[in-house]
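Residue numbers (our numbering): 45 to 174. Even glycine gets a Cβ: it sits at the ideal position worked out from N, Cα and C. From a predicted model like this one, the values you see are computed outputs, not experimental measurements.
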Amino acid sequence: MSHALDEPSVLVQVQEELEPGKLRKVSMHVGRAVLRQVPYFEPQLGDELSGSSLEVRLPLRCSAEALSALLRRMYFKHLVCEKLPLDIILPMAQLARMLCLEGEHTELVQLLGRCVHTEADAKKVIGWCA
């Protein structure tokens, strides 16, 4: 059985748009085994990547930090997300859907239900969904 850390990493060029029209580029290295689990990257991965990088543009309000947390969750399934703030879990759920990670998306939506404890939390979730 191979492990996500057994294969070399691939450079992923991330463009995040936290405000309309303002892009920030972030580079991250992700294990090839993890990337193969992400249907969104299948067309870019192909059989051989031959040293080039993958690219992803994040939707508005989704940060590279949220993408990093989602990918870390794929490396370590036991990663406790309950400790993450809603400001990270909300975009993680959106990114899981965008990347076609339906199982992760379902888990994160269920997690959101367990992480809403106050009226302020509920307003944050409602505001995100609006």
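Could you work out which residue in the options is closest to residue i when comparing CA atoms only?
i: Leu-67; options: Ser-107, Lys-167, Asp-131 and His-73; result: Ser-107
i: Leu-70; options: Glu-151, Leu-111 and Arg-158; result: The sequence given here places Val at residue 70; Leu does not occur at that position. Comparing Cα positions, the closest option is Leu-111.
i: Cys-144; options: Gly-157, Ile-170 and Glu-86; result: Glu-86
i: Val-58; options: Gln-81, Leu-104, Gly-90 and Pro-52; result: Leu-104
i: Leu-79; options: Leu-102, Leu-114 and Glu-61; result: Leu-114
i: Pro-135; options: Gly-171, Tyr-119, Lys-121 and Thr-162; result: Gly-171
i: Met-72; options: Cys-173, Pro-64, Val-169 and Arg-116; result: Arg-116
Using DSSP with H/G/I as helix, E/B as strand and the rest coil, what is residue i?
i: Ser-46; result: Its pLDDT being 49, under 50, Ser-46 is placed unreliably by the model, and the measurement read from it follows with that caveat. If DSSP states are grouped into helix, strand and coil, Ser-46 belongs with coil.
i: Leu-128; result: coil
i: Arg-141; result: helix
i: Lys-121; result: coil
i: Leu-55; result: strand
i: Val-160; result: coil
i: Arg-105; result: coil
Would residue i and residue j be called neighbours here (beta carbons separated by less than 7 Å)?
i: Val-160; j: Ala-137; result: no
i: Gly-75; j: Ser-53; result: yes
i: Ile-132; j: Leu-156; result: no
i: Arg-158; j: His-149; result: no
i: Glu-213; j: Leu-128; result: Residue 213 is absent from the structure shown; the chain starts at 45 and stops at 174.
**Q.** alpha helix (DSSP H) runs wholly inside the stretch 68-93, at least 4 long, in chain order
**A.** 76-79 and 86-89
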